[in-house]
Amino acid sequence: MNIDIVIVNWNAGSQLRECVDSVLAHGDDVVSQVIVVDNGSTDGSSDMVENLLGVKVIRTGENLGFAAACNMGAMVGDAQYLLFLNPDTRVEAGSFSVPLAFMRQPENARVGICGIQLVDKNGKVSRTCAEFPTLLRLTASALGVDRLPGLRGMGMRMAEWDHDDTRRVDQVMGAFFLVRREVFSECKGFDERFFVYFEEVELARRAQLAGWESWYLTGARAFHAGGGTSRQVKTRRLFYSLRSRLLYGFKHFPSWQAWLLVAVTGLIEPVTRTAWCIARGDRAGVRQTWSAYRMLWCSMGRIMRGEGRWNP
Numbered sequence: 018m019n020i021d022i023v024i025v026n027w028n029a030g031s032q033l034r035e036c037v038d039s040v041l042a043h044g045d046d047v048v049s050q051v052i053v054v055d056n057g058s059t060d061g062s063s064d065m066v067e068n069l070l071g072v073k074v075i076r077t078g079e080n081l082g083f084a085a086a087c088n089m090g091a092m093v094g095d096a097q098y099l100l101f102l103n104p105d106t107r108v109e110a111g112s113f114s115v116p117l118a119f120m121r122q123p124e125n126a127r128v129g130i131c132g133i134q135l136v137d138k139n140g141k142v143s144r145t146c147a148e149f150p151t152l153l154r155l156t157a158s159a160l161g162v163d164r165l166p167g168l169r170g171m172g173m174r175m176a177e178w179d180h181d182d183t184r185r186v187d188q189v190m191g192a193f194f195l196v197r198r199e200v201f202s203e204c205k206g207f208d209e210r211f212f213v214y215f216e217e218v219e220l221a222r223r224a225q226l227a228g229w230e231s232w233y234l235t236g237a238r239a240f241h242a243g244g245g246t247s248r249q250v251k252t253r254r255l256f257y258s259l260r261s262r263l264l265y266g267f268k269h270f271p272s273w274q275a276w277l278l279v280a281v282t283g284l285i286e287p288v289t290r291t292a293w294c295i296a297r298g299d300r301a302g303v304r305q306t307w308s309a310y311r312m313l314w315c316s317m318g319r320i321m322r323g324e325g326r327w328n329p
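The sequence shown runs 18 to 329 under this note's numbering.
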């Protein structure tokens, strides 16, 4: 038994049971235990899996955020590998054994993080890998430039690549994030200042700085619904995405770039997002955009006073 699987649950409904059932069905005799960290769910979803053999449920009693819940779950087990798995995924035969065999090969001793193909409900391979954030890439995303045909490669998401070949990448998606426990411990886990979003890319960045590699494999796949439970709270989803972006900038960018990112994110992007929503006829999107930005502006003081800055 070599893998501890950590699933953070927040009102995932029946998706959680479907995910856990798929893990138990395709464990390939390599899964040590499934650790479900319930972040204060109110829909009874964690009750559906609590009494299953090989499943341990930890109830936080409140929503601690994704990074903090992952760290809590990681402390429970002692397997050589950790897999952080979203509750809106369903694994298949080989989902665990293929990446595990890859990481065990002597020539891959410095592969610290591994991801596999994720497919949607239509069986189409999703574009899940990303490049590390830079000021240019985040600005392109903020202005919506990376949505335009021929310019999609300017953003973080590797949208121009069909994800049909195995390769080394900057970051694999956190929906299926297999990491050596050695690497996770060396990096001191996820940075809990990232409530949700950017926590996996930030960890991958620190792992790379420590000499570890991230790889994307096409020899195994899993279903991923996408959006997860964050679909339920679109305004907060946008707020936390913007907040995490700024935290990442202050932690990993030169100071002048971090402040420029604040200006682009806080002053220019709300206008461009509103324009995109109007162009789509999405009036609800306009309301959600400005609600999210009001939340961001209210919390901007803490970020600008140094929250999230990198102190090695």
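Glycine included, each C-beta is placed from N, C-alpha and C at the ideal position.
Proximity to residue i [Cα-Cα], best of the options
{"i": "C36", "options": "F193, Q134, M89", "result": "F193"}
{"i": "R127", "options": "V108, A110, L226", "result": "L226"}
{"i": "M312", "options": "V281, L255, R297, L264", "result": "L255"}
{"i": "V115", "options": "R76, M171, F149, V48", "result": "V48"}
{"i": "G129", "options": "V53, V196, G243", "result": "V196"}
{"i": "R238", "options": "V279, H180, S316", "result": "H180"}
{"i": "E286", "options": "F149, A309, L264", "result": "A309"}
{"i": "S117", "options": "S272, L135, C131, D182", "result": "The sequence shown places Leu at residue 117, rather than the Ser named in the question. Checking every option, the nearest Cα to that of L117 belongs to C131."}
{"i": "S231", "options": "A84, N80, V281, E148", "result": "E148"}
{"i": "L33", "options": "V54, D45, Q50", "result": "V54"}
{"i": "G318", "options": "N56, V72, V189, V279", "result": "V279"}
{"i": "E203", "options": "D60, D187, G228, L264", "result": "G228"}
{"i": "D187", "options": "E219, T289, G57", "result": "E219"}
{"i": "E177", "options": "L69, S143, G191, G44", "result": "S143"}
Residue i burial status per 10 Å Cβ neighbour count (16 or more: buried)
{"i": "D163", "result": "buried"}
{"i": "C146", "result": "buried"}
{"i": "C315", "result": "exposed"}
{"i": "A29", "result": "buried"}
{"i": "P329", "result": "Model confidence at P329 stands at a pLDDT of 34, short of 50, so the residue's coordinates are unreliable and nothing is read from them."}
{"i": "P4", "result": "Residue 4 is absent from the structure shown; the chain starts at 18 and stops at 329."}
{"i": "W27", "result": "buried"}
{"i": "V288", "result": "exposed"}
{"i": "T59", "result": "exposed"}
{"i": "K268", "result": "buried"}
{"i": "P123", "result": "exposed"}
{"i": "S261", "result": "buried"}
{"i": "R248", "result": "With a pLDDT of only 47 at R248, under the threshold of 50, the placement of this residue in the model should not be trusted, and no figure is reported."}
{"i": "D46", "result": "exposed"}
{"i": "T246", "result": "Interpretation of T246 is limited by its pLDDT of 49, a score under 50 that renders its predicted location unreliable; the figure taken from the coordinates is listed afterwards. The residue is buried, with at least 16 neighbouring Cβ atoms inside 10 Å."}
{"i": "I320", "result": "buried"}
Bridge-paired residues (DSSP) for residue i
{"i": "R107", "result": "F240"}
{"i": "S63", "result": "DSSP, once it has assigned bridges, lists no residue as partnering S63."}
{"i": "K10", "result": "Because residue 10 is not part of the residues shown, which for the chain are 18 to 329, the question remains open."}
{"i": "V186", "result": "S231"}
{"i": "F193", "result": "L102"}
{"i": "A391", "result": "Residue 391 lies beyond the residue range present for the chain, which begins at 18 and ends at 329; the question has no answer from this structure."}
{"i": "I20", "result": "V48, Y98"}
Three-state secondary structure assigned by DSSP to residue i
{"i": "Q134", "result": "strand"}
{"i": "Y265", "result": "helix"}
{"i": "W307", "result": "helix"}
{"i": "G140", "result": "coil"}
{"i": "A126", "result": "coil"}
{"i": "V25", "result": "strand"}
{"i": "M411", "result": "Since the first and last residues shown for the chain are 18 and 329, residue 411 lies out of range."}
{"i": "Y257", "result": "helix"}
{"i": "L160", "result": "helix"}
{"i": "K251", "result": "helix"}
{"i": "P166", "result": "coil"}
{"i": "M317", "result": "helix"}
{"i": "G90", "result": "helix"}
{"i": "R34", "result": "helix"}
{"i": "S112", "result": "coil"}
{"i": "E209", "result": "coil"}
Cβ-heavy atom distance, residue i to the ligand FAD, below 7 Å
{"i": "D299", "result": "For the structure depicted, the ligand FAD is absent and the ligand set is empty, with no information on it obtainable."}
Are the segment 289-298 and the segment 147-167 touching, with three or more C-beta to C-beta distances below 8 Å? yes
Sufficient close CB pairs (3 or more, under 8 Å) joining the segment 77-93 to the segment 19-36: Contact check between the segment 77-93 and the segment 19-36: three or more CB pairs, one atom from each, fall below 8 Å, which counts as touching.
Any contact between the segment 214-229 and the segment 62-80? By contact I mean 3 or more CB pairs, one from each, below 8 Å. Not touching, per the Cβ criterion.
Quick check: the segment 25-45 against the segment 104-114, are at least 3 beta-carbon pairs closer than 8 Å? yes
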